[in-house]
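Residue numbers (the working numbering): 181 to 240.
Before any comments, here is the structure.
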Amino acid sequence: MPIYRTDDRSGSWKAGTKSVLGATIGAVVGTVVLSWFGLVLGTAVGLGIGMLLDNRPAAR
């Protein structure tokens, strides 16, 4: 008997418009604040936040 349970709701993650928008805004803001390091960091953070917003469970 497996100790894990299958969760039908957790499909593959998708990158939508919020992901692209978040990465773009993060890259611009990061570049202004921290130059090249900020570009990388801002893009990563923006993409992560955008992915979370894109993949929120739909309201019932």
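Glycine included, C-beta positions come from ideal geometry on N, C-alpha and C.
Straight-line spacing of the CA atoms in Gly210 and Thr223 works out to 8 angstroms. Between Asp234 and Gly196 the beta-carbon gap is near 4 angstroms, inside 8 angstroms, which marks them as a contact. Annotation for Gly218: Val209, Gly210, Thr211, Val212 place their beta carbon closer than 8 angstroms to its own, counting only its chain and skipping 5 residues before and after.
With respect to Leu201, Gly230 sits close: the two C-beta atoms are nearer than 8 angstroms.
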